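Visitor: Residue numbers (the working numbering): 19 to 238.
If you scroll down you'll find the structure; I have some questions about it.
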Ligand code: HEM
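This is the structure:
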């Protein structure tokens, strides 16, 4: 009995340790360049990187007070995607893209059953997005800036549950390693649950910085 409990506890602990965390950095905007290339030469561009074996995708990410910054990479040349807010395709708020020498695409879609369709309002919600292929590394990289609070849309379809600092959010990942055709199903896919870091408390004022209490003029 004790052995079983210890095993269960061990498994729960391993799961907790393995859960990816998206770190907070108030300077995300200046550290990330949304250009389809992850530049780690002078230190990591993103505060965290998660390599997902099942989908074959690598996710770089970080958040500030209002935005999530994501860089998604693969060695393959088909389409790649990430979705937020649902453990299944249905109801997931997705970013899907591909790169070829002739054309590129990055789209914001909403999953419906085992299909997906263009999200209304996505042009104004997705601040910045870029996808590129790097000959040297052989990596296709899609980068984008995604709002923590999506405009809900008419039927609330765009809302993403748990995407708040200190929260937990379902994330899905998928790619098709052979084709850029968006109507072709994935060759690899996975589901994970991520934690979003808390916003750290602002440092308290040093005592000498605090305003001095007003002094009364001395009585003659
Ligand atoms: C038109 C393109 C797509 C088609 C036709 C499609 C089709 C399907 C089908 C038939 C399944 C159930 C069988 C299976 O498990 O493989 C499935 C599951 C899944 N797909 Fe897709 N898919 C597409 C795009 C995507 C995208 C873009 C993502 C990620 C953003 C994704 C993520 C998943 C995940 C996580 C599952 C397992 C959970 C679930 O059943 O919803 N799929 N897909």
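Glycine is no exception: its CB is placed at the ideal position from the N, C-alpha and C atoms.
As the structure is a computational prediction, the values presented were derived from the model and not from experiment.
With a CB to CB cut of under 7 Å and the five nearest residues on each side skipped, what residues in its chain are close to residue 135?
Guide: Here residue 135 refers to the residue found at position 117 when the chain shown is read from its first residue. Same-chain partners within the cutoff: 127 and 128.
Visitor: Buried or exposed: where does residue 63 fall if 16 or more other Cβ atoms within 10 Å of its Cβ makes it buried?
Guide: To locate residue 63, count along the chain shown from 1; it is residue 45. Under this definition residue 63 is a buried residue.
Visitor: Just how far apart, CA to CA, sit residue 113 and residue 150?
Guide: One-based indexing of the chain shown puts residue 113 at position 95. One-based indexing of the chain shown puts residue 150 at position 132. Going by the C-alpha atoms only, they are around 15 Å apart.
Visitor: Got a sec? Which residues, its chain only, sit under 7 Å from residue 204 by beta carbon, not counting five neighbours each side?
Guide: The residue given as residue 204 occupies position 186 in the chain shown. Closer than 7 Å at the Cβ level, and outside the excluded window around residue 204, lie 192, 193 and 194.
Visitor: Where does residue 161 land, buried or exposed, given buried means 16+ other C-beta within 10 angstroms?
Guide: Here the question's residue 161 lines up with position 143 in the chain shown. Buried, by the Cβ-count rule.
Visitor: Given 8 Å as the limit, is there contact between the region 208–221 and the region 108–124, that is, 3 or more CB pairs closer than that?
Guide: Because the criterion of three Cβ pairs below 8 Å is not met, the region 208–221 and the region 108–124 do not touch.
Visitor: Taking the beta strand (DSSP E) that residue 208 falls in, what are its first and last residues?
Guide: Here residue 208 corresponds to residue number 190 of the chain shown, with the count starting at 1. 206–214 is the extent of the beta strand (DSSP E) around residue 208.
Visitor: So what's residue 152 in DSSP terms, helix, strand or just coil?
Guide: For this step, residue 152 is matched to residue 134 along the chain shown. Here residue 152 sits in strand by DSSP.
Visitor: Checking the sheet assignment: what are the DSSP bridge partners for residue 136?
Guide: Taking the first residue of the chain shown as position 1, residue 136 is located at position 118. Beta-bridge pairing links residue 136 to 127.
Visitor: Return yes when the C-beta of residue 131 is under 6 Å from any heavy atom of the ligand ADP, and no when it is not.
Guide: As presented, the structure is devoid of the ligand ADP, carrying the ligand HEM as its sole ligands.
Visitor: Taking 6 Å as the limit between beta carbons, can you name the residues of its chain near residue 238, skipping five residues before and five after?
Guide: On the chain shown, residue 238 is found 220 positions in, with the first residue counted as 1. A caution first: residue 238 carries a pLDDT of 45, below 50, which makes its placement in the model unreliable, though a value can still be read off. Once the five neighbours on either side are set aside, residue 238 has no close Cβ partner at all.
Visitor: Could you tell me the distance, in whole angstroms, from the CA atom of residue 81 to the CA atom of residue 41?
Guide: Locating residue 81 in the chain shown gives position 63, where the first residue counts as 1. Locating residue 41 in the chain shown gives position 23, where the first residue counts as 1. Cα to Cα, the separation comes out at about 6 Å.
Visitor: Rounded to a whole number of angstroms, what is the C-alpha to C-alpha distance between residue 84 and residue 94?
Guide: Indexing the chain shown from 1 puts residue 84 at position 66. Indexing the chain shown from 1 puts residue 94 at position 76. So the two alpha carbons sit approximately 31 Å from each other.
Visitor: What residue range is occupied by the uninterrupted alpha helix (DSSP H) comprising residue 47?
Guide: Position 29 of the chain shown, counted from the start, is the residue given in the question as residue 47. That run of the alpha helix (DSSP H) goes 46–49.
Visitor: From what residue to what residue does the beta strand (DSSP E) around residue 165 run?
Guide: Mapped onto the chain shown, residue 165 falls at position 147. Its beta strand (DSSP E) spans residues 157–165.
Visitor: What's the C-alpha gap between residue 125 and residue 201?
Guide: For this step, residue 125 is matched to residue 107 along the chain shown. For this step, residue 201 is matched to residue 183 along the chain shown. Distance between the alpha carbons of residue 125 and residue 201: 13 Å.
Visitor: Taking the CB atoms as reference points, tell me whether residue 87 and residue 189 lie closer together than 7 Å.
Guide: Taking the chain shown and counting its residues from 1, one reaches residue 87 at position 69. Taking the chain shown and counting its residues from 1, one reaches residue 189 at position 171. The answer is no: Cβ separation not under 7 Å.
Visitor: Note down, in chain order, each residue of its chain lying with its Cβ closer than 6 Å to the Cβ of residue 196, except the 5 sequence neighbours on either side.
Guide: Residue numbering aside, residue 196 sits at position 178 when the chain shown is read from its first letter. Counting only Cβ-Cβ distances below 6 Å, and skipping sequence neighbours, we find 96.
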